[in-house]
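J.: Mind having a look at this structure? Questions to follow.
There are 4 protein chains.
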Amino acid sequence: MNEEQWLEELLKFSEEDGKFSEKQLKILEAAIEMFAEKGYAATSTSEIAKRAGVAEGTIFRHYKTKKDLLLAIVTPTLLQSVAPFLAKEFAKEVFEHQYEHYEDFVRTVWKNRYKFVKKYLPAIRVFWQEIAFHAEIKKQLEVVFMEHVYEKFKKIVEYFQERGEIADFPVESVIRLTVTTIAGFFATRFIIMPDYEWDDEAEMERTIQFLMNGLRKKGA
Amino acid sequence: MNEEQWLEELLKFSEEDGKFSEKQLKILEAAIEMFAEKGYAATSTSEIAKRAGVAEGTIFRHYKTKKDLLLAIVTPTLLQSVAPFLAKEFAKEVFEHQYEHYEDFVRTVWKNRYKFVKKYLPAIRVFWQEIAFHAEIKKQLEVVFMEHVYEKFKKIVEYFQERGEIADFPVESVIRLTVTTIAGFFATRFIIMPDYEWDDEAEMERTIQFLMNGLRKKGA
Amino acid sequence: MNEEQWLEELLKFSEEDGKFSEKQLKILEAAIEMFAEKGYAATSTSEIAKRAGVAEGTIFRHYKTKKDLLLAIVTPTLLQSVAPFLAKEFAKEVFEHQYEHYEDFVRTVWKNRYKFVKKYLPAIRVFWQEIAFHAEIKKQLEVVFMEHVYEKFKKIVEYFQERGEIADFPVESVIRLTVTTIAGFFATRFIIMPDYEWDDEAEMERTIQFLMNGLRKKGA
Amino acid sequence: MNEEQWLEELLKFSEEDGKFSEKQLKILEAAIEMFAEKGYAATSTSEIAKRAGVAEGTIFRHYKTKKDLLLAIVTPTLLQSVAPFLAKEFAKEVFEHQYEHYEDFVRTVWKNRYKFVKKYLPAIRVFWQEIAFHAEIKKQLEVVFMEHVYEKFKKIVEYFQERGEIADFPVESVIRLTVTTIAGFFATRFIIMPDYEWDDEAEMERTIQFLMNGLRKKGA
DNA sequence: AATGAATGAGTATTCATTCAT
DNA sequence: AATGAATGAATACTCATTCAT
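Below you can see the structure in the form of structure tokens.
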């Protein structure tokens with residue numbers, strides 16, 4: 001029972017905080033694992049019930065449909081994905097000089113998200129697989145990103161551009177290059193080649209060095 | 001019949017070149033579209049038959065199982081994905097100074113793969129979605145990549161590293177950074193935000209500039 | 001519900017005694033009837049469902065495959081077929097002089113099996129039709145026959161041979177002649193010519209007379 | 001081509017004598033084998049085509065339906081089954097004292113049918129399996145038996161009954177006992193226990209001895 | 001809340017048969 | 001005569017969901 005703590009943590013962003021029974025957690029855990037392994041469409045509710053150790057009907061007592069079960073996994077994952085940007089103190093931290101350089105910011109985000117990816121990898125897999133096929137999820141992502149992430153990220157980028165620290169690319173391009181460089185590492189590291197022997201610390205250093213050089217303002 | 005030319009081209013890497021009947025092409029086209037839209041597992045053979053305008057039994061005359069149909073799509077896509085590296089003249093082009101700089105090489109790959117992605121986007125979606133769930137596909141990719149892409153790429157990187165043009169990162173890291181930077185653009189451009197108004201030419205310039213700066217040897 | 005008593009009786013030899021729900025009995029009854037009429041391979045599960053008055057899925061909730069359903073019919077039938085020999089008191093009855101002559105034994109078996117055949121004819125038809133095509137069923141029959149029937153039968157034959165009552169044929173031949181004579185009647189009576197007007201009592205008398213004369217020791 | 005002689009022989013009783021092409025024989029041979037192995041309903045026409053080495057359509061050029069193919073096998077088998085009784089000289093042979101005793105007659109039938117069973121076993125299996133499920137076949141059998149076998153057999157039995165050689169059972173009973181005794185041996189020998197080590201000569205002697213003693217008139 | 005038997009629409013696949021070549 | 005691609009109805013079996021207990 002203690003084992004499911006990671007799940008409770010993942011879920012703590014969803015509104016219905018705290019109301020998860022033991023069986024409900026077992027169901028969610030089983031569903032995450034199986035969706036990650038075989039995909040949502042290829043996983044049957046009876047398999048989930050079996051792995052969760054509950055009766056078939058029990059799943060539907062908690063989630064009206066199979067899709068509701070997917071959304072119950074995917075929504076908290078989405079929120080956790082952008083968690084740092086949701087925190088109220090986040091912007092303050094940046095502008096009150098906790099981050100003297102863009103690199104400090106990147107480094108903080110990197111480390112924070114590295115832990116996140118490692119911890120919730122199965123849920124993240126589910127999220128990224130299913131987003132392609134479920135328009136609602138994609139919509140949710142867009143809304144959350146535009147409302148909570150983009151604006152803050154933009155201000156940060158503009159702040160360091162004004163200080164002449166990073167190149168005068170359009171903000172969107174800087175954000176995109178930052179995000180795809182970090183996400184590109186995570187994708188390679190955890191999904192495409194998880195079995196390769198990674199020196200995570202060294203690869204992070206190289207990647208951040210690459211990113212900062214890539215974004216550095218010419219002549220600076 | 002003329003419409004399916006793109007399909008025939010996509011398929012031309014598979015060994016059984018040229019033996020595709022009209023119905024077979026219709027089936028493949030319908031399957032690619034639907035797998036891209038809803039995913040392999042969520043697409044039924046009866047839907048494919050309907051969209052292809054053939055009887056359901058006809059699908060199974062050409063492909064013993066639904067999975068065979070998937071592989072018939074995914075295998076040529078894999079091969080086309082790494083097509084430039086499969087060409088015999090490719091290495092020559094690089095070392096006989098067609099590419100004076102790493103940037104020329106990157107630029108050529110970029111343009112070539114840009115056309116490819118635009119043309120075969122649905123098939124590529126299918127490939128990248130399903131690779132996660134079908135171990136055989138992932139294995140195929142690994143084999144093709146290691147045998148045909150990695151060795152050639154490595155020589156190119158080492159060549160330009162020796163000439164002091166790019167940083168002394170491990171070859172694997174250079175390859176990864178190059179690939180994820182390019183792929184990161186394509187993913188954002190065509191999959192995550194296809195509806196955004198992209199200035200492809202400008203974004204390519206920026207991204208390549210970012211990549212070259214990121215990889216440039218310090219002090220060079 | 002009362003009607004299915006014959007079925008419950010047939011099934012009482014299978015280990016899972018007593019756990020048959022009403023729907024399960026309906027399914028078994030329908031399956032026996034249809035397999036007997038058209039054969040296992042020519043009977044579809046949807047027809048069985050229809051005749052049993054249940055949904056098709058219900059069949060598969062109780063029997064994982066169509067073949068499991070066949071075995072659920074055939075195994076108890078096999079056991080009931082050799083029922084008298086499975087009874088513990090059986091050997092005793094013979095040797096403690098309940099049967100003074102081989103003829104008494106034959107007569108008892110005949111009457112007992114006559115009732116059995118009349119009662120369970122459809123299940124028996126299924127058994128004998130399908131044994132030809134399913135190696136597992138044939139194997140089961142061999143095992144049950146050798147373990148439970150052959151040894152006891154052999155002792156009985158040897159007992160009456162020693163007493164000079166029946167001919168000194170090899171035991172196997174005596175058993176075969178006895179069995180095929182009885183079975184030959186049942187086959188003709190119930191399967192080949194069920195519509196002929198039989199005088200069962202008289203035909204039994206003649207057949208037993210024929211059998212006893214055929215087996216009588218010369219000079220006795 | 002030479003191999004199929006047994007087939008041509010089997011077929012020579014059917015009216016369309018002599019018009020069998022090579023492919024047609026291959027189809028019939030394949031069909032007999034597969035029907036015997038798996039049963040008519042469980043054998044697909046495509047399997048038959050494959051084993052016969054012809055295209056699927058070819059079967060239907062020769063036999064309008066799958067059932068026609070079955071009948072093409074079963075009808076000659078039926079006729080060959082009762083062949084001796086169909087011969088014009090047969091009755092004569094008996095009454096012109098070629099058979100001095102009923103035993104001679106039985107012995108001749110036995111040997112003749114023994115060869116027949118050995119030669120055409122697969123076709124016979126098909127016949128006996130499928131008769132249970134196809135009313136037309138059963139009807140055919142009844143007609144042939146009543147018209148060609150029963151009458152002649154009856155005369156023979158009555159002839160020997162008048163001569164006091166065999167018991168005064170009803171003729172039908174004598175016929176039934178004779179037939180089931182012989183058929184009981186064949187069934188055990190070739191179908192139920194084909195792998196047992198049989199001493200055919202000795203078993204025939206015993207069985208005929210049993211049969212003759214069983215039928216002998218008391219006091220004779 | 002939890003169960004698990006029951007459902008019936010849906011699934012991938014097979015089949016006997018047709019027909020243009 | 002022979003082929004084999006094409007058909008669409010049928011097949012065994014699975015599924016998400018419901019509901020009485």
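Protein chains in written order, with full-length UniProt numbering: chain A, 1 to 220; chain B, 1 to 220; chain C, 1 to 220; chain D, 1 to 220.
For every residue, glycine included, the Cβ atom is placed at its ideal position computed from N, Cα and C.
Just so you know, these numbers come straight off a predicted model, no measurement behind them.
Between SER14/C and PRO76/C, is the Cβ-Cβ spacing less than 7 Å?
T.: The answer is yes: Cβ separation under 7 Å.
J.: Can you tell me the Cα-Cα spacing of ALA135/A and GLU130/B, whole angstroms?
T.: Distance between the alpha carbons of ALA135/A and GLU130/B is about 18 Å.
J.: Using a Cβ-Cβ cutoff of less than 6 Å, which residues in the same chain neighbour THR181/C once the five nearest sequence positions on both sides are dropped?
T.: LEU211, listed in sequence order.
J.: Start and end of the alpha helix (DSSP H) containing ASP200/C?
T.: 200 to 215 is the extent of the alpha helix (DSSP H) around ASP200/C.
J.: Three-state secondary structure (DSSP) at ILE166/B?
T.: If DSSP states are grouped into helix, strand and coil, ILE166/B belongs with the strands.
J.: Using a C-beta cutoff of 7 Å, does SER46/B count as contacting chain A?
T.: So no, SER46/B is outside the interface.
J.: What do you get for ALA55/B, buried or exposed, if any count of 16 or more other CB atoms within 10 angstroms of its CB means buried?
T.: So ALA55/B ends up on the exposed side.
J.: Verify whether the separation of the beta carbon atoms of VAL126/B and ALA36/B is less than 7 Å.
T.: Against a cut-off of 7 Å, the Cβ pair of ALA36/B and VAL126/B comes out as a contact.
J.: Please list, in chain order, the chain A residues whose beta carbon lies closer than 7 Å to that of SER173/B.
T.: Going along chain A in sequence order, the residues near SER173/B (Cβ under 7 Å) are GLU203, ARG206.
J.: Which chain B residues are close to LEU215/A, counting only those with a beta carbon under 9 Å from its beta carbon?
T.: Chain B residues near LEU215/A: PHE210, ASN213, GLY214.
J.: Am I right that LEU69/C and ALA30/C are in contact with their C-beta atoms under 8 Å? What's the rounded C-beta distance?
T.: The Cβ separation is near 10 Å, so there is no contact.
J.: Thinking C-alpha only, which one of TYR159/B, ILE175/B, ALA187/B, ALA183/B is nearest GLU96/B?
T.: GLU96/B has its Cα closest to that of TYR159/B, out of TYR159/B, ILE175/B, ALA187/B, ALA183/B.
J.: For the alpha helix (DSSP H) containing GLY81/C, name the first residue and the last one.
T.: The sequence shown places Ser at residue 81/C, not Gly. SER81/C -> alpha helix (DSSP H) spans 66 to 81.
J.: Given PRO122/D, which residues of its chain have a CB within under 7 Å of its CB, disregarding the five upstream and five downstream residues?
T.: Counting only Cβ-Cβ distances below 7 Å, and skipping sequence neighbours, we find ILE32, GLU33, ALA36.
J.: Would you identify the three-state DSSP class for LYS19/C, choosing helix, strand or coil?
T.: Of the three classes helix, strand and coil, the one that applies to LYS19/C here is coil, per DSSP.
J.: Given this structure, state the Cα-to-Cα distance separating LEU215/D from GLU103/C, to the nearest angstrom.
T.: Distance between the alpha carbons of LEU215/D and GLU103/C is about 17 Å.
J.: Do ALA132/A and ALA41/B have their C-beta atoms within less than 7 Å of each other?
T.: Not a contact, by the Cβ cut-off of 7 Å.
J.: What does GLN129/C touch in chain D if you count any residue whose Cβ is under 9 Å from its own?
T.: Under the 9 Å cutoff, chain D gives GLY39, GLN129, ALA132, PHE133.
J.: Assuming ILE175/C and PHE153/C make a contact with CB atoms under 8 Å, what is their CB distance in whole Å?
T.: Contact flag correct, Cβ pair sits at about 5 Å.
J.: Where does VAL54/A sit, in a helix, a strand or coil, going by DSSP?
T.: Note: VAL54/A maps to coil in three-state DSSP.
J.: If I'm right that ILE59/D touches LEU28/D with Cβ under 8 Å, what's the distance once you round it to whole angstroms?
T.: 10 Å between Cβ atoms; not a contact.
J.: Among residues of its own chain, excluding the 5 on either side of ALA148/B, which ones have a beta-carbon nearer than 8 Å to its beta-carbon?
T.: The displayed chain sequence assigns His, not Ala, to residue 148/B. Correct list, in chain order: VAL82, PHE85, LEU86.
J.: Does the distance from the C-beta atom of VAL157/A to that of VAL171/A stay below 7 Å?
T.: The answer is yes: Cβ separation under 7 Å.
J.: Distance, Cα to Cα, PHE105/A vs PHE185/B?
T.: Between PHE105/A and PHE185/B, the C-alpha separation is close to 22 Å.
J.: Going along chain D, which residues have a C-beta under 7 Å from PHE169/C?
T.: Residues of chain D passing the Cβ test: ARG206.
J.: For ARG176/A, which residues in chain B fall below 7 Å Cβ to Cβ?
T.: What ARG176/A touches in chain B: THR188.
J.: Can you name the residues of chain D whose CB is closer than 9 Å to the CB of ALA42/C?
T.: By Cβ distance, chain D contributes GLY39, TYR40, ALA41, ALA42, PHE133.
J.: Are the C-beta atoms of ILE182/D and some chain C residue less than 7 Å apart?
T.: It does not; no Cβ of chain C falls within 7 Å.
J.: I need the straight-line Cα distance from ALA167/D to ARG206/C, nearest angstrom please.
T.: Distance between the alpha carbons of ALA167/D and ARG206/C is about 10 Å.
J.: Does DSSP classify HIS101/B as helix, strand or coil?
T.: If DSSP states are grouped into helix, strand and coil, HIS101/B belongs with coil.
J.: When you compare each of TRP110/B, THR188/B, TRP128/B to MET204/B by their alpha carbons, which one comes out closest?
T.: Out of TRP110/B, THR188/B, TRP128/B, TRP110/B has the C-alpha closest to the C-alpha of MET204/B.
J.: For the alpha helix (DSSP H) containing GLY184/D, list its first residue and its last residue.
T.: 171 to 186 is the span of the alpha helix (DSSP H), which, as asked, contains GLY184/D.
J.: Determine the direct distance from the alpha carbon of GLU151/A to that of GLN161/A, and round the result to whole angstroms.
T.: In a straight line, the C-alpha of GLN161/A is about 15 Å away from that of GLU151/A.
J.: Report the rounded CA-to-CA distance for LEU11/C versus TYR63/C, giving the unit in angstroms.
T.: If I take the Cα positions, the gap works out to 15 Å.
J.: Relative to the alpha-carbon of LYS217/A, which residue among MET193/A, PHE169/A, LYS19/A, LYS67/A has its alpha-carbon at the smallest distance?
T.: With distances taken between Cα atoms, LYS217/A lies closest to PHE169/A.
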